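Engineer: Position 74 of the sequence shown, counted from 1, bears residue number 75 in my numbering, the numbering being contiguous throughout.
All C-beta atoms in this analysis are idealised placements derived from N, C-alpha and C, irrespective of residue type, glycine included.
Just so we're clear, the structure is a prediction, and the values are computed from it rather than from any experiment.
The following block contains the structure, expressed as structure tokens.
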Amino acid sequence: MIDVRAKLAEKGLKLPLASKPLAAYVPAVRTGNLVFTAGQLPIIDGAISATGKLGAEISVEQGYEIARICALNALAAVELVAPVDSIVKVVRIVCYVNGAPGFINHPAVANGASELFAHIWGDAGVAARSAIG
Numbered sequence: 002m003i004d005v006r007a008k009l010a011e012k013g014l015k016l017p018l019a020s021k022p023l024a025a026y027v028p029a030v031r032t033g034n035l036v037f038t039a040g041q042l043p044i045i046d047g048a049i050s051a052t053g054k055l056g057a058e059i060s061v062e063q064g065y066e067i068a069r070i071c072a073l074n075a076l077a078a079v080e081l082v083a084p085v086d087s088i089v090k091v092v093r094i095v096c097y098v099n100g101a102p103g104f105i106n107h108p109a110v111a112n113g114a115s116e117l118f119a120h121i122w123g124d125a126g127v128a129a130r131s132a133i134g
């Protein structure tokens, strides 16, 4: 079993509290041994931490950090229905990127989430991924 909080601390990060839903949905649903999370925004302490388009107001480097914040928020959502330390495999990551016209570096932004999960779980954190925008 992986100590997720210890792995996050290695990166100077901590597991946030899950944000309250902004509409009619739940942050996470568990069915059997699977947990599905709702889409995540870059919310820190109850406020959206960044807005704008990648390749315009937001750099790829900033987008990477934003994706990492969203990944942390997904872990917080999981914690509502199952202990994050019970996660044994990340199966799929879907990263929606709000890019300016012509922006094509979606994969580099999505790496912010993917690399965090790989740091925590090693090969079990490497998932099938879509970077859409």
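What residue range is occupied by the uninterrupted alpha helix (DSSP H) comprising A51?
Structural biologist: Mapped onto the sequence shown, residue 51 falls at position 50. No alpha helix (DSSP H) contains A51, which DSSP labels as neither H nor E.
Engineer: Please tell me whether A72 and G100 are closer than 8 Å, where the distance is taken between their beta carbons.
Structural biologist: For the purposes of this step, residue 72 is taken as the residue at position 71 of the sequence shown. For the purposes of this step, residue 100 is taken as the residue at position 99 of the sequence shown. Result no, Cβ atoms of A72 and G100 do not sit closer than 8 Å.
Engineer: I'd like to confirm the pairing. Which residues does DSSP put opposite Y26 in its beta bridges?
Structural biologist: Looking up residue 26 in the sequence shown gives position 25. DSSP, once it has assigned bridges, lists no residue as partnering Y26.
Engineer: Please name the residue, chosen from A111, F104 and K15, that lies closest to I45 on a Cα-to-Cα basis.
Structural biologist: As a first step, residue 45 must be located in the sequence shown, where it is residue number 44. It is K15 whose Cα lies nearest to the Cα of I45.
Engineer: Just checking my contact of A83 with V30 at CB under 8 Å: how many whole Å lie between their CB atoms?
Structural biologist: As a position in the sequence shown, residue 83 is number 82, starting the count at 1. As a position in the sequence shown, residue 30 is number 29, starting the count at 1. Rounded, the Cβ-Cβ distance is 10 Å, inconsistent with contact.
Engineer: Beta-carbon within less than 8 Å of I133's beta-carbon, same chain only, minus the 5 sequence neighbours each way: which residues are those?
Structural biologist: Residue mapping note: residue 133 aligns to position 132 of the sequence shown, counting from 1. Around I133: V95, C96, Y97, V98 and H107.
Engineer: Which residues mark the beginning and the end of the beta strand (DSSP E) in which I133 is found?
Structural biologist: Taking the sequence shown and counting its residues from 1, the one referred to as residue 133 is at position 132. Looking at the DSSP string, the run of the beta strand (DSSP E) that includes I133 is A129 to I133.
Engineer: Would you tell me roughly how many angstroms separate the C-alpha atoms of V79 and V85, rounded to the nearest one?
Structural biologist: Translated into the one-based positions of the sequence shown, residue 79 becomes position 78. Translated into the one-based positions of the sequence shown, residue 85 becomes position 84. Taking the straight line joining both Cα atoms gives about 6 Å.
Engineer: For the beta strand (DSSP E) that contains L136, what are its first and last residues?
Structural biologist: This structure leaves residue 136 out entirely; the chain is present only between 2 and 134.
Engineer: With DSSP as the reference, label I121 as helix, strand or coil.
Structural biologist: As a working note, residue 121 is residue 120 in the sequence shown. Looking at I121 - three-state DSSP - the assignment turns out to be helix.
Engineer: Among V92, I105, F104 and L9, which residue has its Cα nearest to the Cα of D124?
Structural biologist: Here residue 124 refers to the residue found at position 123 of the sequence shown. It is V92.
Engineer: For the beta strand (DSSP E) containing I94, name the first residue and the last one.
Structural biologist: The count along the sequence shown starts at 1 and reaches residue 94 at position 93. Segment R93 to Y97, the beta strand (DSSP E) holding I94.
Engineer: Does G113 come out as helix, strand or coil in the three-state DSSP assignment?
Structural biologist: Indexing the sequence shown from 1 puts residue 113 at position 112. In the structure shown, G113 sits in a helix (DSSP, three-state: H, G or I).
Engineer: For L42 and N74, what's the separation of their Cα atoms in angstroms?
Structural biologist: Here residue 42 corresponds to residue number 41 of the sequence shown, with the count starting at 1. Here residue 74 corresponds to residue number 73 of the sequence shown, with the count starting at 1. Near 8 Å, if we compare the C-alpha coordinates of N74 and L42.
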